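First the structure, in the form of structure tokens, and then the observations on it.
2 protein chains.
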Amino acid sequence: MPYAVIMAGGAGTRLWPAARRDNPKQLQRLIYEEPIVAVTVRRLQPTFPLDHCYIVTAARYADPIRSVLPELPPENVISEPFGRNTAAAIALAAFRIAAREPEEVFAVFPADHVVLHPDKLQHAVNFSLPLARAHTVVDIGVPPTHPETGYGYIELGKPIEDRDGLTAYSVRRFVEKPDLATAQGYLQTGHYMWNSGMFVWQAATFLNALREHLPETFRALTDAEAIGTEDALQSAYAAIPDISVDYAIMERVSDVVAVPAEFGWRDVGDWNALYELMPHDEAGNAYEGTHVTLDASGSLLLAPNKLIAAIGVEDLVVVDTPDVLLVMRRDRAQDVKKILDKLKERGDDAVL
Amino acid sequence: MPYAVIMAGGAGTRLWPAARRDNPKQLQRLIYEEPIVAVTVRRLQPTFPLDHCYIVTAARYADPIRSVLPELPPENVISEPFGRNTAAAIALAAFRIAAREPEEVFAVFPADHVVLHPDKLQHAVNFSLPLARAHTVVDIGVPPTHPETGYGYIELGKPIEDRDGLTAYSVRRFVEKPDLATAQGYLQTGHYMWNSGMFVWQAATFLNALREHLPETFRALTDAEAIGTEDALQSAYAAIPDISVDYAIMERVSDVVAVPAEFGWRDVGDWNALYELMPHDEAGNAYEGTHVTLDASGSLLLAPNKLIAAIGVEDLVVVDTPDVLLVMRRDRAQDVKKILDKLKERGDDAVL
Numbered sequence: 018m019p020y021a022v023i024m025a026g027g028a029g030t031r032l033w034p035a036a037r038r039d040n041p042k043q044l045q046r047l048i049y050e051e052p053i054v055a056v057t058v059r060r061l062q063p064t065f066p067l068d069h070c071y072i073v074t075a076a077r078y079a080d081p082i083r084s085v086l087p088e089l090p091p092e093n094v095i096s097e098p099f100g101r102n103t104a105a106a107i108a109l110a111a112f113r114i115a116a117r118e119p120e121e122v123f124a125v126f127p128a129d130h131v132v133l134h135p136d137k138l139q140h141a142v143n144f145s146l147p148l149a150r151a152h153t154v155v156d157i158g159v160p161p162t163h164p165e166t167g168y169g170y171i172e173l174g175k176p177i178e179d180r181d182g183l184t185a186y187s188v189r190r191f192v193e194k195p196d197l198a199t200a201q202g203y204l205q206t207g208h209y210m211w212n213s214g215m216f217v218w219q220a221a222t223f224l225n226a227l228r229e230h231l232p233e234t235f236r237a238l239t240d241a242e243a244i245g246t247e248d249a250l251q252s253a254y255a256a257i258p259d260i261s262v263d264y265a266i267m268e269r270v271s272d273v274v275a276v277p278a279e280f281g282w283r284d285v286g287d288w289n290a291l292y293e294l295m296p297h298d299e300a301g302n303a304y305e306g307t308h309v310t311l312d313a314s315g316s317l318l319l320a321p322n323k324l325i326a327a328i329g330v331e332d333l334v335v336v337d338t339p340d341v342l343l344v345m346r347r348d349r350a351q352d353v354k355k356i357l358d359k360l361k362e363r364g365d366d367a368v369l
Numbered sequence: 018m019p020y021a022v023i024m025a026g027g028a029g030t031r032l033w034p035a036a037r038r039d040n041p042k043q044l045q046r047l048i049y050e051e052p053i054v055a056v057t058v059r060r061l062q063p064t065f066p067l068d069h070c071y072i073v074t075a076a077r078y079a080d081p082i083r084s085v086l087p088e089l090p091p092e093n094v095i096s097e098p099f100g101r102n103t104a105a106a107i108a109l110a111a112f113r114i115a116a117r118e119p120e121e122v123f124a125v126f127p128a129d130h131v132v133l134h135p136d137k138l139q140h141a142v143n144f145s146l147p148l149a150r151a152h153t154v155v156d157i158g159v160p161p162t163h164p165e166t167g168y169g170y171i172e173l174g175k176p177i178e179d180r181d182g183l184t185a186y187s188v189r190r191f192v193e194k195p196d197l198a199t200a201q202g203y204l205q206t207g208h209y210m211w212n213s214g215m216f217v218w219q220a221a222t223f224l225n226a227l228r229e230h231l232p233e234t235f236r237a238l239t240d241a242e243a244i245g246t247e248d249a250l251q252s253a254y255a256a257i258p259d260i261s262v263d264y265a266i267m268e269r270v271s272d273v274v275a276v277p278a279e280f281g282w283r284d285v286g287d288w289n290a291l292y293e294l295m296p297h298d299e300a301g302n303a304y305e306g307t308h309v310t311l312d313a314s315g316s317l318l319l320a321p322n323k324l325i326a327a328i329g330v331e332d333l334v335v336v337d338t339p340d341v342l343l344v345m346r347r348d349r350a351q352d353v354k355k356i357l358d359k360l361k362e363r364g365d366d367a368v369l
């Protein structure tokens, strides 16, 4: 049976003040009934049995994640002493998997993305798993719907397999986040897919690639895993580079395959993205909590524990929490980070 | 020594959700450090000794008012069984005053107005008190600063006394709330003053006018005061007309005098009025509570118990309370009443 590696290290600061340093995005419910990390794990069933699911996260999120996923073996939540980007996080999980079944494949998933059509994702994953045994790595790509400048792209080469309504392509190259004109060009060609951060490797293949392209990380983590203590891992992390798996490995190996698939993939990166995913009333407002409105439109109004009354407001985001109230124009959703920077500067740590 | 009658019957619903049915505007601090009804009483000292100050209010506000003014004799807070407009409220106080000193004068003040220059108000009151013995009633008028359509106006006649920098005029007529064009005309002539709702009568003169112009009220309240029970007062109130003192009496008596005076009088009728009275930062924002902003301007941000973060918002009002959060465009401040109507309609009584 294949393994899943769920990347749950980020805090999701643009969803502040719901997401906090100690209550990160992956523990938020977002559009779901339960925390999104739990949704992510459950939708991988039954392809990836629970004891084959690993979650890699920051030390301070490990216990909260275990408590929202009590059916997951606690040792499957892997604590990183601190963040060292995706190459280290995936490597850590790959060592654990290889120690059990080095010939087995593992699929990597972000913990905090919405998938509107989980059945279609499952179909794409099932299509990709056997391919990962025959090729170096399979990247699940998402056909772009708009010229997004916040994602990396994959340029498709020629088709190499066609089955069950899906086609695998060779990958010509990975490209970093493009500018708008470039992204518009990509969108028109139809040959560029969004890099969703979901990909499948055979464990041994990944570790070989790691040894070749990121030898310090390979060595440091091999040693730390052999010793097996938290201290050893902490020392190893202090010594390894902060680099993404895309940049360090994916872009440097040959025989990379992409499987474009449409499954309603949404990166709920900020409040505007969440607004767009939520159901709206006829005036385009999305709510959590009781509400009363007069000429309010296009607004996200989240006040789960009180009545929210809105008059005459347009395209606004309001997020009420017990100690922080955020009010902003919806098109400024990216700027939540700047507010956090301001709070850090003035030492307002308690609300971060 | 003269008496003061403070009118504290209204709820101030346009300041919802801070003001509530059970926590009315006169108990709000507004721009002050203490509830505005207490500020109103204290600024009348020493001209009106505390045991000469009467507060007329709704039964459910009587005890809360007593508790914010512990130094006031409790019996000086007069409970109305329910609201019957200003004629009944003032009559009730006038009967109590006449029972003590019928020849003495009393001055009527609203409980919930801001006075930026209390010394100037005191000067105008001191100027008016002796005039009230020589004339039927003295109305303290406020020179209009803009063509307000929400107030009544007094048209001045000829000057009748000039002393200490103030002039008393005969009153030609009272006019009800005008339309904008009429109000603009009034502003240009310089002969029209705002009717501030502050006026001075001799107790006996008022009761004589009441007997003549509003005989049912005179009779019903005389009887109720003679019996002296709450039940008697309740029966009396059920029988008397709901009418303002301006319409029922002021506009019908002769020898009315007006004293125009500028003392920074502000009717804090709604959130926009409060916004204009509060201190602003350089971007025109007014705050209560800690805050962090990015490109926010012209906004009133009241969240006394939490951090408020505002990004890109303009001319907004945000009022956070434990059970209700109001968010509205500042120029829609009048429409808070419509929200309350909606809540009443759907039976959401708990938050009114």
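Here the protein sequences line up with chains F and H, keeping their order. My numbering numbers the first residue of the first sequence as 18 and each following residue consecutively. My numbering numbers the first residue of the second sequence as 18 and each following residue consecutively. Just so you know, even glycine gets a beta-carbon here, dropped at the ideal spot from N, CA and C. A quick note: this is a predicted structure, and the numbers were derived from the prediction, not measured.
Is the region 133-147 of chain F close to the region 88-104 of chain F, with three or more CB pairs under 8 Å?
No: fewer than three Cβ pairs fall under 8 Å.
Show which residues of chain H have a CB atom less than 7 Å away from the CB atom of Met24 of chain F.
None at all; the shortest Cβ gap to chain H is about 28 Å.
Is Met345 of chain F close to chain H, meaning its C-beta is less than 8 Å from at least one C-beta of that chain?
So, interface residue.
Closer than 9 Å between beta carbons: that is the criterion. Which residues of the region 308-333 of chain F meet it against chain H?
Within the region 308-333 of chain F, the residues whose Cβ lies closer than 9 Å to some Cβ of chain H are Val309, Thr310, Leu311, Asp312, Ala313, Ser316, Leu318, Ala320, Asn322, Lys323, Leu324, Ile325, Ala326, Ala327, Ile328, Gly329, Val330, Glu331, Leu333, listed in chain order.
Any idea what DSSP makes of Tyr203 of chain F, helix, strand or coil?
Correct three-state label for Tyr203 of chain F: helix.
DSSP state of His230 of chain H, grouped into three classes?
His230 of chain H: helix per DSSP, three-state reduction.
Using the rule of at least 16 other Cβ atoms within 10 Å of the residue's Cβ for burial, across every protein chain shown, is Ser145 of chain F buried or exposed?
By the neighbour-count rule (16 or more Cβ atoms within 10 Å), Ser145 of chain F is buried.
Give me the residue from F:Met24, F:Trp211, F:Pro41, F:Ala290 with the minimum Cα distance to Arg190 of chain F.
For the residues F:Met24, F:Trp211, F:Pro41, F:Ala290, the minimum Cα distance to Arg190 of chain F belongs to F:Trp211.
My assumption, with CB atoms under 8 Å, is that Trp218 of chain F sits in contact with Ala313 of chain F. Please give the rounded CB distance.
Contact flag wrong, Cβ pair sits at about 48 Å.
Which listed residue (F:Ala110, F:Tyr20, F:Ala21) has its alpha carbon closest to that of Glu242 of chain F
Shortest Cα-Cα distance from Glu242 of chain F to any of F:Ala110, F:Tyr20, F:Ala21 involves F:Ala110.
Let's test the definition: count the other Cβ atoms within 10 Å of the Cβ of Met18 of chain H and tell me whether it reaches 16, buried, or not, exposed.
Here Met18 of chain H is exposed, its C-beta having fewer than 16 other C-beta atoms within 10 Å.
Residue interval of the alpha helix (DSSP H) (run including Leu146 of chain H):
Looking at the DSSP string, the run of the alpha helix (DSSP H) that includes Leu146 of chain H is 135-151.
Can you tell me where the beta strand (DSSP E) with Lys175 of chain H in it begins and where it stops?
Counted as a single uninterrupted DSSP element, the beta strand (DSSP E) harbouring Lys175 of chain H occupies residues 170-180.
How should Pro160 of chain H be labelled, buried or exposed, when 16 other C-beta atoms within 10 angstroms of its C-beta is the threshold for buried?
Pro160 of chain H is exposed by the Cβ-count criterion.
Ile257 of chain H and Thr234 of chain H: beta carbons closer than 8 Å?
Closer than 8 Å, so yes.
Excluding five sequence neighbours on each side, which residues of the same chain lie with their C-beta closer than 6 Å to the C-beta of Leu319 of chain F?
Cβ neighbours of Leu319 of chain F beyond the five flanking positions: Glu305, Val336.
What number of angstroms, rounded off, separates the C-alpha of Ile95 of chain H from the C-alpha of Thr74 of chain H?
Roughly 6 Å separates the two Cα atoms.
Throw me the rounded Cβ distance for the Val85 of chain H and Ala55 of chain H pair, which I believe falls under 8 Å.
About 5 Å separates the beta carbons of Val85 of chain H and Ala55 of chain H, which is inside the 8 Å limit, making them a contact pair.
Please confirm if Asp287 of chain H has its CB atom under 8 Å from at least one CB of chain F.
With its beta carbon at least 8 Å from every one in chain F, Asp287 of chain H lies outside the interface.
Going straight from the alpha carbon of Lys42 of chain H to that of Val341 of chain H, what length do you get?
Distance from the CA of Lys42 of chain H to the CA of Val341 of chain H, rounded to the nearest whole angstrom, comes to 16 Å.
Just list the beta strand (DSSP E) runs in the region 53-127 of chain H, keeping only unbroken ones of 3 residues or longer that don't cross its boundaries, in chain order.
Here the runs fully enclosed are 70-75, 94-97, 122-127.
Minimum Cβ-Cβ distance from Leu32 of chain H to chain F less than 8 Å:
It does not; no Cβ of chain F falls within 8 Å.
Please determine, among H:Pro91, H:Ile171, H:Thr64, H:Phe216, the residue with the shortest C-alpha to C-alpha distance to Ile72 of chain H.
Looking from the CA of Ile72 of chain H, the closest CA among H:Pro91, H:Ile171, H:Thr64, H:Phe216 belongs to H:Pro91.
Please decide whether Val73 of chain F counts as near chain H, where near means a Cβ-Cβ distance under 8 Å.
No, because no Cβ of chain H sits closer than 8 Å to the Cβ of Val73 of chain F.
Interface residues of chain F around Lys175 of chain H at Cβ under 8 Å?
None at all; the shortest Cβ gap to chain F is about 47 Å.
Quick check on Ala265 of chain F: does DSSP put it in helix, strand or coil?
Looking at Ala265 of chain F - three-state DSSP - the assignment turns out to be helix.
Are the beta-carbon atoms of Leu360 of chain F and Arg38 of chain F separated by less than 8 Å?
For Leu360 of chain F and Arg38 of chain F, no; Cβs fall outside 8 Å.
I need the DSSP call for Ile356 of chain H, collapsed to helix, strand or coil.
Three-state result, Ile356 of chain H: helix.
Please determine, among H:Ala265, H:Thr199, H:Ile82, the residue with the shortest C-alpha to C-alpha distance to Gly168 of chain H.
Residue 168 of chain H is actually Tyr in this sequence, not Gly. The shortest Cα separation from Tyr168 of chain H among H:Ala265, H:Thr199, H:Ile82 belongs to H:Thr199.
In the DSSP assignment, find the alpha helix (DSSP H) that holds Asn289 of chain H and state where it starts and stops.
Counting along the chain, the alpha helix (DSSP H) containing Asn289 of chain H begins and ends at 288-294.
With 7 Å as the C-beta to C-beta threshold (strictly closer), list the residues of the region 244-263 of chain H near chain F in chain order.
Residues: none.
The beta strand (DSSP E) spanning Met213 of chain F covers which residue range?
Here the sequence assigns Ser to residue 213 of chain F, which means Met is not the residue at that position. Following the DSSP letters along the chain, one finds Ser213 of chain F inside the beta strand (DSSP E) bounded by residues 209-219.
DSSP puts Ser314 of chain H in a beta bridge; with which residues?
Partner residues in the beta bridge of Ser314 of chain H, as assigned by DSSP, are H:Glu331.
Given that Ile53 of chain F touches chain H, what residues does it touch there, using C-beta distances under 8 Å?
For Ile53 of chain F, no chain H residue has a C-beta closer than 8 Å to its own C-beta; the minimum C-beta separation is roughly 23 Å.
Ile356 of chain H at chain F interface by Cβ criterion, 8 Å:
Yes, contact with chain F.
How would you call Asn289 of chain H, buried or exposed, if buried means at least 16 neighbouring beta carbons within 10 angstroms?
Flag for Asn289 of chain H reads buried.
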